[in-house]
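Below: one structure, written as structure tokens.
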Amino acid sequence: MSIKEHTASEKYAIIQEIEHGCIGVKAAINKFGISKSTIAKWRRRYRVYGYEGLEVRTHNRSYSAELKLQAVNQFQVNKYTDGLRSMELVARTLCGTAEGVRRRQINRKRVRPSYNCKKN
């Protein structure tokens with residue numbers, strides 16, 4: 000069985016049916032042949048990014064140094080309070096790619112100390 004890739008408009012229509020109470024999540028799973036986690040992912044992307052979050056995305060995206068640094072800083076602030084959960088939250092909120100890729104990027108990025116000390 001092959002995996003059908005739904006268009007953004009199909010995803011939007013499914014989300015709207017669920018959001019407006021026309022159909023429940025279980026009924027959508029059976030009607031459209033998609034998993035509960037897929038529906039949850041689409042709903043999360045729609046809430047965060049709007050319709051653009053439902054667009055089919057390509058792999059091997061590159062991210063700006065600014066975005067990577069923002070992810071690292073957010074993780075550093077939250078890591079002692081939330082533990083590993085903070086990494087997952089940072090990964091999900093910053094960009095819309097696979098969690099594993101974002102985790103690897105966060106782990107690889109090293110925070111270097113600032114050496115802008117003035118000598119007297």
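Mapping the sequence shown onto numbering that gives the first Met the number 0, position 9 (from 1) lands on 8, and the numbers just tick up by one.
Just so you know, even glycine gets a beta-carbon here, dropped at the ideal spot from N, CA and C.
In this text the structure is predicted, and so the values were computed from the model without any measurement.
- valine 55, enclosing alpha helix (DSSP H) - first and last residue: Residue numbering aside, residue 55 sits at position 56 when the sequence shown is read from its first letter. Premise fails: valine 55 is in no alpha helix (DSSP H) and is neither H nor E.
- Message: Please tell me whether isoleucine 22 and arginine 42 are closer than 7 Å, where the distance is taken between their beta carbons.
- Response: What you label residue 22 is simply residue 23 of the sequence shown in a count that begins at 1. What you label residue 42 is simply residue 43 of the sequence shown in a count that begins at 1. No.
- Message: What would DSSP say about isoleucine 33, mapped onto helix, strand or coil?
- Response: If you number the sequence shown from 1, residue 33 lands on position 34. It is coil, neither helix nor strand.
- Message: If I follow the unbroken alpha helix (DSSP H) through isoleucine 22, where does it start and stop?
- Response: Stepping through the sequence shown from its first residue, residue 22 is reached at position 23. That residue, isoleucine 22, is in no alpha helix (DSSP H); it is neither H nor E in DSSP.
- Message: With the cut-off set at 7 Å, would you say valine 24 and isoleucine 33 are in Cβ contact?
- Response: Stepping through the sequence shown from its first residue, residue 24 is reached at position 25. Stepping through the sequence shown from its first residue, residue 33 is reached at position 34. In this structure, isoleucine 33 does not lie closer than 7 Å to valine 24 by Cβ.
- With DSSP run on the structure shown, which of helix, strand or coil describes serine 63? Residue 63 sits at position 64 when you count from the first residue of the sequence shown. Note: serine 63 maps to coil in three-state DSSP.
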